[in-house]
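Presented below is the structure to which this report refers.
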Amino acid sequence: MTDTDDPNIVLFVMDTMRAAETVPADPDLTPNLAALAESGAEYTSAFATAPWTLPSHVSMFTGTYPSKHGAHADHTYFDGSLPTIVDAFADAGYETAGVSNNVWITDEFGLTDGFDVFRDDSERTDAWSGTGSLGHRATNAVRRSRLGGPTFERLRRLVTVGGETDDGAAATVDWVADWLDGRDSDDPFFLFANCIEPHLEYRPPASYAREFLPEGWSYDRAMALRQDPREYDVGLFDYTDEEWEVIRALYRAEISYLDTQVGRLRAVLEAAGEWDDTVFVAVSDHGENVGEHGFLGHQYSLYDTVLQVPLVVHGGDFSARHVRTDRLVQLADLAPTLLSAAGIDAPDLRSASQALSFHPTDGVEPRSQVIAEYMRPQPAIDVLEEKFDNVPQQLYDYQRTLRAVRTDAYKFVRAADGAEWLYDVRGDPGERNDISAANPRRTAELAATLDEWLGSFDEAEADGSVDVSDATEDRLADLGYL
4 MTDTDDPNIV LFVMDTMRAA ETVPADPDLT PNLAALAESG AEYTSAFATA PWTLPSHVSM
64 FTGTYPSKHG AHADHTYFDG SLPTIVDAFA DAGYETAGVS NNVWITDEFG LTDGFDVFRD
124 DSERTDAWSG TGSLGHRATN AVRRSRLGGP TFERLRRLVT VGGETDDGAA ATVDWVADWL
184 DGRDSDDPFF LFANCIEPHL EYRPPASYAR EFLPEGWSYD RAMALRQDPR EYDVGLFDYT
244 DEEWEVIRAL YRAEISYLDT QVGRLRAVLE AAGEWDDTVF VAVSDHGENV GEHGFLGHQY
304 SLYDTVLQVP LVVHGGDFSA RHVRTDRLVQ LADLAPTLLS AAGIDAPDLR SASQALSFHP
364 TDGVEPRSQV IAEYMRPQPA IDVLEEKFDN VPQQLYDYQR TLRAVRTDAY KFVRAADGAE
424 WLYDVRGDPG ERNDISAANP RRTAELAATL DEWLGSFDEA EADGSVDVSD ATEDRLADLG
484 YL
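Just so we're aligned, residue 4 is where the sequence shown starts under our numbering, counting upward by one.
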């Protein structure tokens with residue numbers, strides 16, 4: 004057990020889980036997330052700083068935006084020039100551990116410095132590698148019990164019995180259980196975990212998929228649908244309305260599966276006697292387009308579909324002052340917020356940070372706006388030209404930097420080629436109608452706000468390619484980044 008004045012901090016990232024299905028937390032789709040929200044704090048207007056994994060995670064770790072921390076598609080590496088929460092927790096005497104299912108969050112991209120131990124599980128991207136249903140009993144048991152029921156040790160035996168193995172998030176939770184069991188320290192810990200299941204391709208366990216698939220669709224038939232987002236972009240395939248329904252069902256099934264792992268992780272912490280002394284953050288790093296705006300995946304845009312994410316915090320003052328709030332929150336704000344939760348000063352990090360704490364006792368005024376940046380498309384156009392015979396003109400048009408400023412009422416987006424859009428996000432939450440021409444004053448005000456923000460800091464001088472292993476290139480290609 005740890006001293007309650009020095010709580011454990013768990014940052015659990017549910018990769019690619021968007022707000023549309025998960026905000027507010029749905030007791031039917033995400034019962035474990037909903038249970039955390041019920042006794043913790045839920046932030047229903049939380050936004051990523053970028054629409055993809057690497058820059059978003061570095062923002063969470065540093066409290067800064069992509070153009071300041073320099074880890075983005077123009078330079079896919081965090082050079083460590085800014086202090087991170089991992090370093091801050093380590094310096095404060097915390098044991099630090101990390102585990103990642105996403106290849107972007109590995110040593111090759113500069114994200115593992117400061118961890119006492121870091122587990123690279125990035126080769127595990129499919130939730131289910133077996134062919135039967137036996138291994139699903141373990142995850143289904145937690146889903147049915149809503150955090151009660153079987154002990155974790157029994158659940159783990161069920162996951163691996165008979166040679167049928169869940170190699171996705173469940174294996175990551177297993178690793179966390181082993182790590183906790185092997186600890187010989189009474190120091191508090193900072194634990195980071197990224198689980199990737201809702202990311203393309205959507206291949207949930209069959210038992211989950213069957214709960215969501217429309218009538219007449221078998222699991223095998225659904226799995227036979229093409230899902231490569233880059234092939235979709237260049238027009239090698241499209242979906243009928245019915246097939247889009249299937250794809251969205253698979254995405255929801257992935258969310259349901261990962262929610263079960265949230266429950267298992269809670270059970271692991273409870274079994275270790277650490278839950279009551281833990282501040283637990285469940286958050287996504289970015290969202291997803293599943294047919295919206297003509298996209299499959301999270302490239303080429305800054306719509307709310309790729310920026311708005313679930314954020315639930317349980318434990319400490321977040322549970323003591325239980326709230327569901329629509330105050331604007333930026334994922335970069337997690338850095339100062341978690342430091343406050345642990346009572347850590349970390350003056351260098353706080354000084355470098357561009358973020359605002361939303362810790363209940365800090366009394367910081369809510370944000371009036373959030374910012375997002377898409378520094379360059381990933382993959383670049385030359386990669387697409389190499390891979391495909393014909394690249395549509397629209398993909399050339401997308402090769403540009405995008406920046407957005409969003410308030411409670413409006414979103415302004417500007418591209419490096421001079422294009423501008425304004426959306427009424429209250430009256431038009433789907434961002435279907437550009438109203439910039441009809442609202443020149445509002446457009447100019449938000450453009451000036453964006454310019455003022457850009458002028459408030461020095462951008463990182465970060466560009467050039469980053470060498471990665473062949474295995475990493477293969478993983479990035481599997482995820483649709485190359």
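Backbone N, C-alpha and C fix where the C-beta goes; we use that ideal spot for every residue, glycine too. Just so we're clear, the structure is a prediction, and the values are computed from it rather than from any experiment.
What are the uninterrupted segments assigned as beta strand (DSSP E) that are 3 or more residues long and contained completely in the segment 377-434, given in chain order? 405-409, 413-418 and 423-427
Minimum Cβ-Cβ distance from F112 to chain D less than 8 angstroms: No chain D is part of this structure, which consists of one protein chain only.
Is V176 helix, strand or coil when you go by DSSP? helix
Measure the alpha-carbon distance for A422 versus A49 and round it to whole angstroms. 26 angstroms
In terms of residues, what are the limits of the beta strand (DSSP E) holding V315? L314 to H317
Cβ atoms of D9 and A407: under 8 angstroms apart, would you say? no
What residue range does the beta strand (DSSP E) around T33 cover? Where T33 is concerned, there is no enclosing beta strand (DSSP E), given that its DSSP letter is neither H nor E.
Just verifying my parser: in three-state terms, what is the DSSP assignment at Q333? strand
Range of the contiguous alpha helix (DSSP H) that encloses E455: P443 to L457
For R327: DSSP bridge partner residues: E45
Taking the alpha carbon of E434 as the point to measure from, which residue in A441, L425, M17 and A419 has its own alpha carbon closest? L425
Over the uninterrupted alpha helix (DSSP H) stretch that includes F494, give me the two end residues. Lying outside 4 to 485, the shown extent of the chain, residue 494 is not represented and no answer is given.
Going by beta carbon distance, what residues of the same chain come within less than 8 angstroms of I384, once the five residues before and after it are set aside? V394, L398, Y399 and Q402
Bridge partners for N292 per DSSP, in chain order? G300
Can you tell me whether DSSP reads G266 as helix, strand or coil? helix
Would you grab the beta carbon distance between Q311 and A22 for me? Rounded to a whole angstrom, and I think it's under 8 angstroms. 4 angstroms
Can you list, in chain order, the residues of its chain with a C-beta nearer than 8 angstroms to that of D427? Leave out the 5 residues immediately preceding and following it. A412, Y413, N436 and I438
By how many angstroms is the C-alpha of R267 removed from the C-alpha of D2? Outside the displayed range of the chain (4 to 485) lies residue 2, so it cannot be described from this structure.
Under three-state DSSP, which class holds M17? strand
Return the CA-CA distance between N11 and I258, expressed in angstroms with no decimal places. 26 angstroms
I'd like to check one pair, F195 with G101: are the Cβ atoms closer than 8 angstroms? yes
Let me check understanding here. Comparing Cα to Cα, which of Y242, C198, L253 and Q396 lies closest to D223? L253
Taking the alpha-carbon of F118 as reference, which of L359, Y377 and T87 has the nearest alpha-carbon? T87
Quick one: Cα of F155 to Cα of S103, how far? Low per-residue confidence applies at F155: pLDDT is 41, beneath 50, and the placement is therefore not dependable enough to give any value.
In the DSSP assignment, what residue or residues form a beta bridge with R122? V102
May I have the straight-line CA-CA distance separating R429 from G276, to the nearest angstrom? 44 angstroms
Alpha carbon to alpha carbon, how far is P69 from L57? Give it in angstroms, no decimals. 9 angstroms
Tell me whether the segment 357-372 and the segment 73-85 touch, counting them as touching only if at least three CB pairs, one residue from each stretch, are closer than 8 angstroms. no
Is N35 near D351, with beta carbons less than 8 angstroms apart? no
DSSP has A375 in a bridge; who is on the other side? A407
Quick one: residues in its chain with C-beta nearer than 6 angstroms to the C-beta of T19, no 5 flanking neighbours on either side, listed in chain order? P201, H202 and E291
How about S42 and H289: are their beta carbons less than 8 angstroms apart? no
At what residue ranges does the segment 186-266 contain a whole run of the alpha helix (DSSP H), taking only runs of 4 or more? 209-215, 222-226 and 232-236
Expected contact under 8 angstroms - CB spacing of P207 and Y242 to nearest Å: Actually they are not in contact, since the Cβ atoms of P207 and Y242 sit about 18 angstroms apart, beyond 8 angstroms.
In chain order, what residues of the same chain have a beta carbon less than 8 angstroms from the beta carbon of V315, not counting five sequence neighbours either side? A28, L36, L39, A40, G43, A44, E45, Y46, V284, A285 and V286
Would V293 and H301 be called neighbours here (beta carbons separated by less than 8 angstroms)? no
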